[in-house]
Each structure stands twice: as structure tokens, then as C-alpha cells.
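So the protein lines, in turn, are chains A and B.
Position in the first sequence counted from 1, then plus 387, gives you my numbering.
Position in the second sequence counted from 1, then plus 26, gives you my numbering.
Glycine included, every Cβ here is placed at the ideal spot set by N, Cα and C.
Note that this is a predicted model, so its numbers are computed, not measured.
Heads up, the thing below is written out as C-alpha cells.
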Amino acid sequence: MITRFFKQLTVWKSIGILLLLAGGASTILRFSQGLGASTNLSDEFPWGIWIGFDVLCGVGLAAGGFTLAALVYVFNLKRFEPIVRPTILTAFLGYILVTVGLMFDLGRPWAIWHAIIMWNPHSVMFEVAWCVMLYSTVLGLEFAPVVLEKFKMHKTIKILHSISIPIIIIGVLLSTLHQSSLGTMYLIMPDKLYPLWYSPYLPVFFYVSAIAVGCAMVIMESFLSSRAFKRSIEMHLLMDVGRLAVLMLLVLTIMRALDLVDRHVLGLLTIPRMETYMFWLEVVVGMLAPLVLLSMKKVRQSETGLFTSAVLVIIGFVMNRMNITITGMEAWAGKTYVPSIPEFSVTLGIVTLGFVAFYYIAKYFPVFPPEHGAADGGAHTPDQDWHGGMNESSRATVHTVR
Amino acid sequence: MIQKKAMLIDITMCVGCNECQKACKVQNKLSDVEEKKLSPTAYTALSEYDGVFVRRQCQHCEDPTCASVCPVGAFTKTPEGPVVYDVEKCIGCRYCMQSCPFQVPRYDWESLNPRIYKCILCADLVKQGLPTACSEACPTGATKFGNRDELIAEAYERMKAEPGKYVDKIYGQKEVGGTSILYLSGVPFEQLGFKTTLQQTPLPALTWNVLSKIPNVVAIGGTFLYGIWWITNRRDEVRQYEERMKNNGHDQHDAPGH
Chain A
388 MITRFFKQLT VWKSIGILLL LAGGASTILR FSQGLGASTN LSDEFPWGIW IGFDVLCGVG
448 LAAGGFTLAA LVYVFNLKRF EPIVRPTILT AFLGYILVTV GLMFDLGRPW AIWHAIIMWN
508 PHSVMFEVAW CVMLYSTVLG LEFAPVVLEK FKMHKTIKIL HSISIPIIII GVLLSTLHQS
568 SLGTMYLIMP DKLYPLWYSP YLPVFFYVSA IAVGCAMVIM ESFLSSRAFK RSIEMHLLMD
628 VGRLAVLMLL VLTIMRALDL VDRHVLGLLT IPRMETYMFW LEVVVGMLAP LVLLSMKKVR
688 QSETGLFTSA VLVIIGFVMN RMNITITGME AWAGKTYVPS IPEFSVTLGI VTLGFVAFYY
748 IAKYFPVFPP EHGAADGGAH TPDQDWHGGM NESSRATVHT VR
Chain B
27 MIQKKAMLID ITMCVGCNEC QKACKVQNKL SDVEEKKLSP TAYTALSEYD GVFVRRQCQH
87 CEDPTCASVC PVGAFTKTPE GPVVYDVEKC IGCRYCMQSC PFQVPRYDWE SLNPRIYKCI
147 LCADLVKQGL PTACSEACPT GATKFGNRDE LIAEAYERMK AEPGKYVDKI YGQKEVGGTS
207 ILYLSGVPFE QLGFKTTLQQ TPLPALTWNV LSKIPNVVAI GGTFLYGIWW ITNRRDEVRQ
267 YEERMKNNGH DQHDAPGH
């Protein structure tokens with residue numbers, strides 16, 4: 388038993404186990420000693436990476452879910468159907484993990500339900516809380532057919548199927564609202580957030596960049612799954628996802644450039660200080676580079692090119708959110724903030740948890756369409772099951788009038 | 027109508043005796059150690075800038091940012107002026123701390139049952155028509171409690187009576203739409219650690235402008251998405267129908283109805 392365990396231990400598995408252990412230890416520290424002992428947060432710097440990464444990035448990285456749902460079921464681009472399920476799964480796990488991350492960050496996590504009954508409609512966070520609650524439910528419903536199919540509960544699938552279009556439209560609306568609202572949260576800090584990032588258009592930037600990174604995540608997730616499950620890559624689909632990403636990056640680049648001009652802050656782009664360097668790094672590496680790369684058909688057609696560009700988009704997105712939560716706040720706070728080791732390890736642990744959950748769910752549930760001659764380790768569902776699903780349930784996640 | 031209360035703090039009259047903090051700590055039952063910074067046990071504290079003493083505490087904004095951002099409505103601006111906090115509602119998200127333009131709310135980071143601490147302008151006393159503890163304790167009159175309108179008028183009178191003594195500004199009269207704490211100073215405010223670049227209109231309007239558009243986004247977005255789905259789906263139906271007709275050779279039938 389034990390020898391078998393070590394025989395199967397690959398490098399990635401060992402890293403994953405280490406990260407989970409470190410995250411577990413930090414979890415104990417957080418909940419036994421409090422935020423003061425486990426984080427480098429302070430009165431001057433009350434929000435750190437648990438908000439900046441776990442929540443802001445987590446929600447954004449899960450944006451592939453509503454993007455693909457809209458493409459396939461609202462815009463009726465049915466050819467993307469084979470990558471819908473893994474994307475919805477990524478999004479669903481993403482939102483669950485955002486909530487997990489939030490429980491670490493909230494000082495009084497046992498009171499989180501207060502947002503349900505104690506309303507403050509003037510608060511952006513109140514709106515985000517409601518959208519996230521409702522959208523997680525929507526994602527649950529969108530993913531449910533996969534589970535129901537596994538247990539052959541076809542009647543329930545039919546019920547879901549009949550309400551699928553309203554659910555998907557509600558999901559897109561909820562995502563539009565809260566993806567942008569995460570940017571709106573910063574509108575109330577015009578003096579605090581450094582002017583390279585503060586913009587009255589933050590909600591729009593957040594929304595557009597979320598769609599771009601959602602596409603990038605679809606690409607990255609497909610590549611990783613193809614490695615993990617030894618599946619072939621749906622290149623023809625991913626190339627088109629890449630095209631949507633480049634469109635969004637273009638819109639984002641133009642808007643952000645015009646916004647800098649509009650607010651007369653171009654002078655800030657050349658003054659030697661930390662914010663300037665971080666801004667350029669974010670914009671060049673994470674926005675302009677993938678914009679140029681993905682505009683080239685050759686790059687989109689090559690597996691390496693597409694994957695690299697997607698990774699750059701994701702890095703740029705994460706840098707943007709971290710610059711807004713951390714770099715752009717330091718000047719006003721008069722204090723620098725570097726996350727503590729427990730903060731890092733909780734975040735990494737949560738990310739690892741996401742990978743592990745995805746791996747096992749994709750392994751045991753019909754998440755991927757079956758492949759002929761697929762190597763072992765793929766989705767173990769027999770072909771019939773999947774096709775049964777295609778006829779019944781993928782239209783259940785889907786629409787209906789036929 | 028209830029008169030808005032306020033405190034006028036004349037920095038030129040402050041001698042740095044710290045009686046305000048002592049009285050505050052007694053009133054709020056906090057540890058009686060002298061503190062130089064705001065903390066969970068110091069709702070007001072004195073800072074010194076070259077012999078000039080400035081006391082700080084919550085500014086009690088007319089349209090408080092904390093009350094606007096709090097997802098569970100734990101902050102309330104009472105009719106008399108104090109901005110109060112309800113720990114029973116608080117979920118500990120710290121959006122109030124993150125967004126307060128004066129960096130006032132404090133948190134007890136070491137606690138497993140943390141909460142926000144800040145000056146509440148002795149809300150209980152003020153409600154009974156009594157002055158705040160700190161203003162009662164101030165031996166020089168540097169902190170004066172009263173009706174906001176009257177205190178602003180008095181501040182202008184003081185500036186007029188002794189030209190050149192004060193800088194030409196009442197800090198708190200207009201900052202973020204006005205606050206219940208007003209300052210007069212002989213030294214430019216920016217030299218005393220005050221944020222002097224704050225906008226003159228309330229901050230909550232910045233987010234409310236966006237939030238108030240949500241019903242439109244939902245209505246227009248919903249209609250738009252449903253419309254798109256209807257068109258694309260209909261197109262599909264027609265295409266499938268036509269294919270079926272072709273296969274069956276019944277071309278002369280009408281297009282499918284719903």
C-alpha cells in the first residue's frame with residue numbers, strides 16, 4: 388500500500404501535497420491565533436492577497452464560465468459545446484474557492500450570512516455578495532446535469548433542461564454585474580488608489596479584462612487537461628477562443644490608453660517610482676505582449692504560442708488586480724505590504740485544492756466528451772453514457788425548444 | 027428638526043495635555059494607558075508637529091463612506107451627527123477601513139472575535155442633549171461642542187477677529203461633503219498630516235452612480251440576451267425544418283410555427 392503510494396508519487400503530486408499541508412498548517416494558525424498572527428495586514432493595510440488574489444482574481448479567472456455559456460447557448464455557437472463542461476466546472480470550483488478564501492479573510496466569518504438579511508443596497512460589496520451567492524447557485528444548476536447523468540437521474544435533468552435558458556441568461560447578467568462591481572468597489576477610493584489605476588471606468592475595465600482572462604483560462608485549462616488526461620486538444624475551438632481574447636485585449640488596451648489621456652496622467656508614466664515600474668510590467672507583459680502575439684494567426688495556430696499567450700493574459704490579469712489592491716494603495720497608506728508566509732500558503736493551498744478537485748471530478752464524471760482511442764486515465768464513462776447525456780442533458784444545460 | 031451637532035477643534039488653542047484622551051477612555055471604558063496613535067483602546071489621540079498638537083478621531087462625515095460601503099449596514103449616521111457602529115451586524119470584511127478617507131477605523135487584529143473600534147462622538151450623551159466627554163474635559167476650550175451651523179459661524183468669527191492667526195480654511199466644512207468635526211489651524215493643514223486633496227462632494231455618490239444603474243443593466247441586458255437567443259435559436263429551427271422538408275420532399279409546407 389505504502390510502496391504503491393510512493394511509486395505513484397510524481398513531482399507535481401508531491402508539490403501539491405506539500406502545498407496542501409502548508410495550507411493546512413496556516414489554516415490552523417489563522418483560526419487559532421487570528422488575523423494578526425497569521426497575516427501582515429494592519430490598520431493601514433486592511434486588505435491583502437486574500438482579497439486581492441483569492442477573491443478578485445478568483446472571481447475573474449472563473450469568468451470563462453459565463454463567457455462560454457453565453458457563446459454556446461445564447462449566441463448559439465454550438466461548436467464550442469465540447470469545452471463547455473470543463474469550463475463550467477472550472478467556474479463552479481472557482482466560486483466555491485472564492486468563498487473559502489473569503490472565510491479566511493473575514494474577521495467574523497460565522498456572520499457571513501448577515502448579508503442575506505441585513506441589507507445595505509448602497510454597498511457595492513452587498514451587491515457583489517448577492518451576485519456571487521446567486522451565481523454560484525446558477526453554476527451549480529449548470530453543472531448539475533453532469534452529476535445527474537452519472538447517476539442516471541434523467542427526470543431531474545429534464546426539469547433542469549426546461550428552465551435552462553432563463554438560468555443561463557440570469558447567469559450572464561449576474562456575472563456582468565459582479566465582475567464589473569469588483570471594479571466599482573474601488574471607485575469610492577479616488578484619493579487612495581494611485582492614479583495610474585484609479586479610473587471612473589474601473590467597472591468596465593474589470594468586466595472586459597474578466598472576459599479576456601476567462602478565455603485565457605479556457606485555453607490553459609484545456610491544455611492542462613489534455614496533459615493530465617492524455618486527451619487531444621481541441622485546437623480549432625481554442626484558436627477561436629483566442630480570437631475572442633485578443634478582441635477583448637484590444638478593447639481593453641484602447642480604453643485604458645484613452646482613459647490615461649482623458650485624466651491627464653500620462654506624465655506619471657515616466658516618473659521613476661515603484662508604481663510606474665509595476666504599471667509598465669503589467670501592461671507590457673500582460674496586455675500588450677499577448678495582444679500582439681494573439682493577433683498573429685501563426686501564434687494562434689501553434690499549441691505553444693496559444694498556451695504561452697494565454698498564460699501571459701492570466702499573469703497580466705493577476706498583476707492588474709494585485710497592483711490595484713497592493714501597489715496602488717501603498718503610497719496613500721504610507722506603508723508597504725508583503726504577504727506573510729501563512730497568507731501565501733493559504734492562497735497556494737486553495738489554488739491546489741482547485742486543481743485536485745478538478746482532476747478528480749473530471750476523472751469520475753462525464754466532464755469531457757469521450758474520445759475514440761483515448762488513453763487510460765480519461766473520463767471513465769462509457770460512450771453511451773456521454774451520448775445519452777448529449778441527447779438529454781447537454782441540452783439540459785442548454786436549451787430546449789426543438 | 028434635530029440640530030446637527032459637531033465639535034470645533036481649534037489647533038492654536040491646544041496645549042497637548044491629553045485630557046481629551048483620558049476623558050474618552052473613561053467614558054468608553056478603555057485601558058487608561060496614554061497612546062499616541064488611534065487604536066482599539068484609543069478613539070482619539072494627539073500627534074505633535076513641531077510643538078503643534080493635533081488631536082484626531084473619527085470625522086463623523088455628513089455622508090459617511092463607511093456607512094455606504096458596509097455590506098451589512100453596521101454603520102449609521104444618527105440624526106444628531108455621530109456615526110455609530112453595530113458589532114452585532116459586522117462580518118469583519120474591513121471595507122470600512124479600506125475606504126475611509128481619513129484612515130480612522132481600527133481593528134483588533136489579535137482577537138479571534140475582532141471588531142471595529144472608533145470614536146462614536148459619545149452618541150448616547152449627545153442623544154440626551156449632553157456634550158461629548160472630550161469637549162467637557164478640554165481645559166483650554168480647544169475642543170468645543172455645539173450645533174454645527176453655529177460652530178461654523180463661530181469659526182469664521184474667530185478668523186475674522188484675528189486676521190493672520192489662522193489659515194483661511196475650516197477643515198471638515200467641505201471635505202467629502204462636510205464632517206461633524208471641524209478644525210481651525212494656524213499652520214497649513216497639509217503640514218499637520220491632514221489629507222487636503224479630498225474632494226468636496228460625498229464619496230458614496232461615486233459608487234451609487236454605478237449601483238443605481240443596475241436595474242437598467244438587468245432590464246436591457248436581459249432583453250438583449252433573450253432577443254439574441256430567440257434569433258439564433260429560431261434560425262436553427264428554420265434550418266432544421268428546411269433540412270427535414272428537403273429529406274421528406276415536402277417542400278411546399280409552410281415554415282414551422284411555435
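Asked: 4-residue-minimum alpha helix (DSSP H) runs that sit fully inside the region 698-731 of chain A, ordered along the chain; Found: 715-720
Asked: A502 (chain A) at chain B interface by Cβ criterion, 7 Å; Found: yes
Asked: Inter-stretch contact at 8 Å, needing at least 3 Cβ pairs: the region 664-679 of chain A / the region 632-647 of chain A; Found: yes
Asked: Own chain partners of L521 (chain A) with C-beta closer than 8 Å, once the 5 adjacent residues on each side are dropped; Found: I557, L561
Asked: Beta-carbon gap between T233 (chain B) and I575 (chain A) smaller than 7 Å; Found: yes
Asked: Spatial neighbours of C164 (chain B) in its chain, beta-carbon cut-off 7 Å, leaving aside the 5 residues before and after; Found: E45, C46
Asked: Ordered list of alpha helix (DSSP H) runs contained in the region 570-646 of chain A, each at least 4 residues; Found: 589-615
Asked: Backbone CA spacing between P140 (chain B) and P127 (chain B) [nearest angstrom]; Found: 22 Å
Asked: DSSP three-state assignment for I178 (chain B), whether helix, strand or coil; Found: helix
Asked: CB contact check: C96 (chain B) to chain A, cutoff 7 Å; Found: yes
Asked: I117 (chain B) at chain A interface by Cβ criterion, 7 Å; Found: yes
Asked: I554 (chain A) to R260 (chain B) span [Cα, whole Å]; Found: 19 Å
Asked: Beta-carbon proximity of S567 (chain A) to Y594 (chain A), cut-off 7 Å; Found: yes
Asked: Nonlocal neighbours in the same chain, by C-beta distance under 7 Å from V600 (chain A), ignoring five residues either side; Found: G447, L448, A450, V700, I701, F704
Asked: Contact belief for S727 (chain A) with S425 (chain A) at Cβ below 8 Å, rounded distance in angstroms; Found: 7 Å
Asked: Minimum C-alpha distance to G445 (chain A) - residue among A:T734, A:L647, A:V652; Found: A:T734
Asked: Interface partners of G247 (chain B) on chain A, CB under 7 Å; Found: L560, T563
Asked: Cα-Cα separation between I28 (chain B) and G155 (chain B), rounded to whole angstroms; Found: 10 Å
Asked: Straight-line gap, L177 (chain B) to I207 (chain B) (C-alpha atoms, nearest Å); Found: 10 Å
Asked: Test: S125 (chain B) CB closer than 7 Å to a CB of chain A; Found: yes
Asked: Same chain only: Cβ atoms within 7 Å of L416 (chain A), ignoring 5 sequence neighbours per side; Found: A424, S425, P729
Asked: Through-space distance from G736 (chain A) to A409 (chain A), alpha-carbon basis; Found: 7 Å
Asked: Residue nearest to Y192 (chain B) in terms of C-alpha spacing, selected from B:R174, B:E183, B:G203, B:V213; Found: B:V213
Asked: Cβ shell of D36 (chain B) (< 6 Å), same chain only, five flanking positions each side left out; Found: A168, L210
Asked: Contacting positions in the region 195-229 of chain B - beta carbon closer than 7 Å to chain A; Found: K221, T223, L224, Q225, L229
Asked: Whole-Å CB distance - F367 (chain A) paired with I606 (chain A), under 8 Å assumed; Found: The requested residue 367 (chain A) is not part of the displayed model; chain A covers only 388 to 789.
Asked: At least three beta-carbon pairs within less than 8 Å, the region 241-255 of chain B to the region 580-597 of chain A; Found: no
Asked: Buried/exposed call for G452 (chain A), threshold 16 Cβ in 10 Å; Found: buried
Asked: For V471 (chain A) and L489 (chain A), believed in contact at Cβ under 8 Å, the rounded distance; Found: Contact flag wrong, Cβ pair sits at about 27 Å.
Asked: Beta-carbon proximity check, C119 (chain B) vs L493 (chain A), cutoff 7 Å; Found: yes
Asked: 6 Å CB neighbourhood of F171 (chain B) in its chain, flanking five on each side removed; Found: M33, P157, T158, S161
Asked: Alpha carbon of Q83 (chain B) to alpha carbon of Y197 (chain B), nearest angstrom; Found: 14 Å
Asked: Under the three-state DSSP convention, the category T397 (chain A) falls into; Found: coil
Asked: Closest residue to D134 (chain B) among B:K153, B:V113, B:L151 (Cα-Cα distance); Found: B:V113
Asked: Pairwise C-alpha distance: E136 (chain B) and F432 (chain A); Found: 15 Å
Asked: Chain B residues whose Cβ lies nearer than 9 Å to that of A498 (chain A); Found: V98, E114, K115, C116, I117, G118
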